[in-house]
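*Asks:*
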Amino acid sequence: MPLTGTEALVMRWVHRNPGASPSAVADATALQRSNCSVALRSLVAKGMVERRTDPDDARTVQLHPTSRANGSIERLHAHWAGRLRAALAGDDEGLAAAANLLARIDDGLRRRD
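FYI, in my numbering the residues of the sequence shown are 283 to 395.
(1) State yes or no: is the C-beta of serine 321 within less than 9 Å of the C-beta of leucine 291?
(2) Can you find the residues in the same chain that come closer than 6 Å, C-beta to C-beta, to alanine 308, ignoring five residues on each side of it along the sequence?
(3) Three or more C-beta pairs under 8 Å: does that hold for the segment 285-301 against the segment 335-347?
(4) From Gly364, Ala378, Leu285, pick the residue whose C-alpha is nearest to that of aspartate 323; which is it?
(5) Of the choices Gly301, Gly353, Ser354, Glu356, whose alpha-carbon is the least far from that of glutamate 332?
(6) State the Cα-Cα distance for the pair arginine 350 and glycine 329, rounded to the nearest angstrom.
(7) What number of angstroms, rounded off, separates the C-alpha of alanine 312 from the C-alpha of alanine 371?
(8) On the CB-based measure, 16 or more other CB atoms within 10 Å of its CB, does leucine 383 come out buried or exposed?
(9) I believe leucine 391 touches alanine 380 by the beta-carbon criterion, under 8 Å. Please report the beta-carbon distance rounded to the nearest angstrom.
(10) In its own chain, which residues sit with a C-beta less than 7 Å from the C-beta of leucine 325, not counting the 5 before and 5 after it?
Following this line, the structure appears as structure tokens:
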């Protein structure tokens with residue numbers, strides 16, 4: 283299912299941070315709350331995200347990826363892993379180094395938020 287760039291950004295955050303609130307997603311992705319809200323409504327309509335009432339505070343909503351979203355993300359990861367593997371032409375050591383570097387970059391960007 284095609285997603286806009288904003289939807290993909292929001293979906294990635296929700297997938298990595300299940301149970302986050304809409305305001306936490308907006309803050310973490312540096313989106314205006316109105317833009318984040320539009321993306322979330324679309325993702326809910328597409329069956330990618332579900333809203334759940336926070337069990338500790340009925341006034342608060344938690345966001346969770348659906349099984350449909352998890353399946354799509356797994357297929358996307360497998361696709362990109364295959365592309366990287368092909369680009370490195372069987373260089374398993376290079377692939378491991380690239381994966382390690384990307385993980386470090388991701389960790390560094392998360393700490394910055």
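Every residue gets a Cβ at the ideal spot worked out from N, C-alpha and C, and that includes glycine.
It should be emphasised that the depicted structure is a prediction, and the values quoted were computed from it without experimental measurement.
*Replies:* The structure says:
(1) Here residue 321 turns out to be alanine, not serine, going by the sequence shown. Against a cut-off of 9 Å, the Cβ pair of leucine 291 and alanine 321 comes out as a contact.
(2) Arg315, Cys318
(3) yes
(4) According to the sequence displayed, residue 323 carries arginine and not aspartate. Out of Gly364, Ala378, Leu285, Leu285 has the C-alpha closest to the C-alpha of arginine 323.
(5) For glutamate 332, the closest alpha carbon among the candidates Gly301, Gly353, Ser354, Glu356 is that of Gly301.
(6) Between arginine 350 and glycine 329, the C-alpha separation is close to 7 Å.
(7) 37 Å
(8) Exposed is the call here.
(9) Between alanine 380 and leucine 391 the Cβ distance is about 16 Å, and since that is not below 8 Å, they are no contact.
(10) Glu289, Val292, Met293, Val331
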